[in-house]
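In our numbering, the protein residues as written are 227 to 313. Here's the structure we're looking at; comments come further down.
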């Protein structure tokens with residue numbers, strides 16, 4: 227976002243050089259044990275077998291789990307979804 231602002235200012239002639247073009251700090255290395263991994267088919271089946279789909283809360287939980295598993299969205303993203311965004 228900052229880089230885009232400076233690009234805009236440079237194109238508009240307000241500045242001669244974009245100071246945000248160079249990366250001053252390299253990104254941190256992620257330890258191997260903290261990297262994400264995909265769930266196995268067995269783990270997916272186990273997660274989806276948890277909610278009791280005969281109850282409304284269980285159907286809701288199952289739908290949220292299925293949504294997160296199929297789309298790889300984060301829990302916080304799923305919690306902030308509104309019905310109008312899913313239709």
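All C-beta atoms in this analysis are idealised placements derived from N, C-alpha and C, irrespective of residue type, glycine included. Keep in mind that this is a model prediction, so the values were computed, not measured.
Please check the pair residue i and residue j, which I expect to be a contact at CB under 8 Å, by giving their CB distance rounded to whole angstroms.
{"i": "residue 288", "j": "residue 279", "result": "5 Å"}
{"i": "residue 293", "j": "residue 304", "result": "6 Å"}
{"i": "residue 232", "j": "residue 245", "result": "6 Å"}
{"i": "residue 291", "j": "residue 277", "result": "7 Å"}
Check each candidate in the options and name the one with the smallest Cα separation from residue i.
{"i": "residue 274", "options": "296, 312, 253 and 227", "result": "296"}
{"i": "residue 372", "options": "255, 258, 256 and 234", "result": "This structure gives no information on residue 372, because the portion of the chain shown stretches from 227 to 313."}
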